[in-house]
Amino acid sequence: MDWGLKNRLSRVIKPDTGRCVMLAVDHGYFLGPTTGLEDAGKTIAPLLPYADALMPTRGVLRACVDPAQAQGTPIVVRASGGNSIIGELSDEDITMSMEDALRLNVSGVALSIYVGGEYQHRTLVNLARLVDEGQRYGMPVLAVTAVGKDLGKDARYLSLACRIAAELGAHFVKTYYCKDFERVTGTCPVPVVMAGGKKIPELDALKLTSKAIKGGAVGVDMGRNIFQADDPVAMIQAVRAVVHQNMSPKKAHDLYRGIKASNKRKRGRK
Ligand code: 5RP
């Protein structure tokens with residue numbers, strides 16, 4: 322990895338802990354105005370100070386995120402798409418140029434692969450092409466192992482998808498937590514971050530985060546379990562405590578509830 326690529330990746334995966342809390346807000350590229358992201362700018366702004374990195378689409382980044390406020394937050398921009406929730410999910414292609422990624426001053430680009438999906442070949446070759454571009458310009462590529470409708474999220478499948486991504490040259494990989502998760506991270510030669518998945522109770526999301534870290538993930542790239550929480554700012558701080566301080570899920574949930582109560586009191590005084 323050349324200096325520039327390492328420098329960009331270290332903006333995301335923090336050198337002091339070797340961990341990261343990425344905030345995924347790219348859902349709209351195939352889900353439209355999903356719950357919690359109806360007004361993306363309003364959702365993202367208060368969370369920026371607590372995110373090690375933000376994962377938006379270029380459209381939301383340009384339209385909804387203040388470049389000055391985000392000057393300290395590394396961006397990993399969604400570079401694949403072309404599908405929607407009402408079509409074949411695996412029907413994705415590269416949807417932005419490396420030139421535009423550089424223009425946006427991002428620290429990484431993200432592309433979904435659909436191993437076993439109808440368009441698996443195209444998504445995998447697209448990953449290889451994006452890695453070629455990333456190597457050329459020193460830009461880390463995050464492979465997102467999307468799971469098509471009919472594909473299971475077990476260790477056998479996810480370790481296949483993550484390993485293929487790494488073999489094709491992805492610099493880090495995002496995948497879901499599963500039973501025997503250490504089989505997934507242990508056979509993937511590049512860093513793995515966990516996607517949060519569908520919204521679940523905050524304590525359960527913190528337990529999942531802790532299990533993923535103990536199972537070898539370097540962090541999370543979490544969306545709905547942060548911005549759909551009752552108090553997203555409290556939740557991202559609790560997730561940070563688990564990821565960067567190895568706090569137990571129970572203590573992190575107590576932290577969540579304390580910050581949430583404090584925020585409620587502050588709002589009451591306004
Ligand atoms: C597509 C994505 C999702 O937008 C991202 O994974 C969502 O994060 P979460 O599952 O935590 O809401 O990148 O696969």
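The numbering used here puts the first residue of the sequence shown at 322, with every later residue one more than the last. Every residue, glycine too, gets a C-beta built ideally from N, C-alpha and C.
Taken from the Cβ of F351, at least one heavy atom of ligand 1 lies inside 8 angstroms. The segment 497-573 contains, as complete alpha helix (DSSP H) runs of 4+ residues, the segments 502-507, 523-535, 545-548, 553-566 (chain order). With a threshold of 8 angstroms, the Cβ atom of D347 counts as near ligand 1, since some heavy atom of the ligand is closer than that. Residue pairing by DSSP places D414 opposite G402 in a beta bridge. Beta-bridge pairing by DSSP links V462 to V430. If you compare the alpha carbons of G579, R443, V505 with that of A533, the shortest gap goes to V505. Partner residues in the beta bridge of R340, as assigned by DSSP, are K335. E523 has its alpha-carbon roughly 17 angstroms from the corresponding atom of Y497. Your pair A384 and L369 does not check out as a contact, with CB atoms roughly 15 angstroms apart and the cut at 8 angstroms. For A486, there is no enclosing beta strand (DSSP E); the residue is found in the alpha helix (DSSP H) stretching over 476-488. Annotated three-state conformation of I396 is strand, per DSSP.
Ligand 1 never approaches K587 closely enough for any of its heavy atoms to be under 8 angstroms from the residue's Cβ. Cβ neighbours of V427 within its own chain (closer than 7 angstroms, five residues either side excluded): I396, V397, V398. Under the 10 Å beta carbon count, I407 is surrounded by fewer than 16 other beta carbons and is classified as exposed.
For the pair of segments examined, the segment 327-341 was found not to touch the segment 525-532: the number of CB pairs separated by less than 8 angstroms stays below three. A distance criterion of 8 angstroms places the beta-carbon of R379 beyond contact range of ligand 1, judged by its closest non-hydrogen atom.
If you look at M376, you'll find it in the beta strand (DSSP E) that goes 374-376. Taking 9 angstroms as the cut-off, the beta carbon of A487 is found closer than this to the beta carbon of V511. No heavy atom of ligand 1 is found nearer than 8 angstroms to the CB of V564.
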